[in-house]
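Data block below; observations after.
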Amino acid sequence: MKNNAQKAARLSVAPMMDWTDRHCRFFHRLMSREALLYTEMVTSPALVRGRALYLLDFSPEEHPVALQLGGTDPVELAEAARIGQEAGYDEINLNVGCPSDRVQSGTFGAVLMRAPELVAECCAAMRAVVDVPVTVKCRIGVDDQEPRDVLPDFLEKVSAAGVSRFTIHARKAWLKGLSPKENRDIPPLDYPLVHEMKAAFPALHLSINGGIATLPEAVSHLEQGLDGVMVGRAAYHQPWDVLGEADAQIFGSENPCLTPQEAARAMLPYIDAHVANGGKLGQVSKHMLGLFTGRPGARAWRRVLSEGAHKPGAGVALVEAAMAELD
């Protein structure tokens with residue numbers, strides 16, 4: 029039975045291009061049974077026009093898992109959302125935050141912060157054809173917009189289309205002059221603004237995103253009244269530190285969490301099956317490099333995997349060899 033995506037959104041792992049693929053999500057799920065996991069952004073043209081349905085492949089163990097879509101055409105997004113629900117996703121999320129040139133050229137992502145009416149139209153079209161929640165991940169504004177004017181207007185117009193759950197990246201996006209990487213670090217964070225939005229829109233489920241690196245930080249935002257916290261790079265680079273204790277600290281679960289060593293060992297059958305089906309070890313093991321960050325043997329673990337994972341025949345034995353470096 030699927031978990032409730034809204035309950036799971038108390039802590040989520042951000043959609044990250046080239047990172048949060050199905051192998052990454054399977055690995056993260058071993059450490060947290062509760063957190064909401066997101067796909068990388070999938071564009072609606074890729075699904076609807078390109079029929080690239082392989083982009084939607086995932087393992088049943090990943091639930092609760094959300095599909096993030098990028099697009100700007102309401103009809104096409106609705107069809108993509110329908111395809112996503114049919115594939116089994118627990119939530120459909122619209123990207124209104126990515127600042128990359130590729131996204132801008134398609135006139136979607138963060139540039140849609142300038143078009144809340146269009147976002148509302150897209151969300152209404154998606155909601156009309158799916159039963160799962162339709163949610164939005166946005167910025168506080170773009171370029172020279174004034175976030176304190178723009179963000180409330182955006183939330184008001186999009187929520188009027190029936191969207192009740194938003195994840196807000198607490199930074200502006202600069203569409204000209206900053207790279208996507210710089211857009212993750214250079215624009216200043218404005219956490220207070222996101223908290224103000226919760227006070228202004230108490231009926232909305234609001235999650236905060238951007239620069240949150242530890243579970244205590246996540247707990248602090250929740251204690252201040254926000255409904256959820258989305259963690260990005262920290263969950264990827266230090267997965268156990270963020271996810272290993274998350275079920276206890278964020279969700280109040282009494283289920284014992286796996287140790288980092290147990291998480292690595294639990295991946296072995298998955299890796300074995302992936303390699304047996306013609307996959308490469310590196311496609312999975314690259315997501316595991318940060319598992320032992322800050323612990324004895326972490327450097328040797330990373331070195332053994334990094335140097336050997338792309339060699340012919342690499343598989344479970346290499347991961348076991350890397351684990352031996354931890355003893």
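Per the working numbering: the sequence shown = residues 29 to 355. Virtual Cβ for every residue (Gly too), placed ideally from N, Cα, C.
At a cut-off of 3 residues, the continuous stretches assigned as beta strand (DSSP E) that sit fully inside the stretch 199 to 262 are 233 to 237 and 256 to 259. Here the stretch 281 to 294 does not lie against the stretch 239 to 247, with fewer than 3 beta-carbon pairs under 8 Å apart.
Around the beta carbon of P267, 16 or more other beta carbons sit within 10 angstroms, so the residue counts as buried. In the structure shown, S40 falls within a strand segment according to DSSP collapsed to helix, strand and coil. The C-beta separation of G99 from A201 comes to about 17 Å, leaving the pair out of contact by the 8 Å criterion. Annotation for G112: the continuous alpha helix (DSSP H) segment containing it runs P102 to A115. Beyond the five residues adjoining it in sequence on each side, C52 comes within less than 7 Å, by CB distance, of H315 in the same chain, given in chain order. Residue state for R167 is assigned as strand, using DSSP reduced to three classes. Close CB contacts of M59 within its chain, under the 7 Å cut and outside five residues either way in sequence, are with P267, W268, L271, G272, C285, L286 and A291 (chain order). In the DSSP assignment, Y82 falls outside any beta strand (DSSP E) and carries neither an H nor an E.
Under the three-state reduction of DSSP output, F194 falls in the strand class. Take D275, set aside five residues on each side of it, and the residues of its chain with a beta-carbon closer than 7 Å to its own are S60, R61, E62, S281, N283 and C285, in chain order. For I299, the enclosing alpha helix (DSSP H) has its first and last residue at L296 to A304. Pairing D46 with V347, the inter-Cα distance amounts to about 22 Å. With contacts defined as CB atoms closer than 8 Å, D218 and H233 fail to qualify as a contacting pair.
Where V124 is concerned, the enclosing beta strand (DSSP E) starts and stops at E119 to V124. If you draw a 10 Å sphere on the C-beta of G341, you find fewer than 16 other C-beta atoms in it, and that means exposed. If you look at L333, you'll find it in the alpha helix (DSSP H) that goes A326 to G336. Distance from L317 to R330 at the Cβ level is roughly 5 Å; contact confirmed, criterion being Cβ atoms closer than 8 Å. By the beta-carbon neighbour count (other beta carbons within 10 angstroms, threshold 16), A42 is buried. Comparing alpha carbon positions, the residue from K35, L97 and P73 closest to H91 is K35. Membership of Q266 in any alpha helix (DSSP H) is not indicated, and neither H nor E is assigned to it by DSSP.
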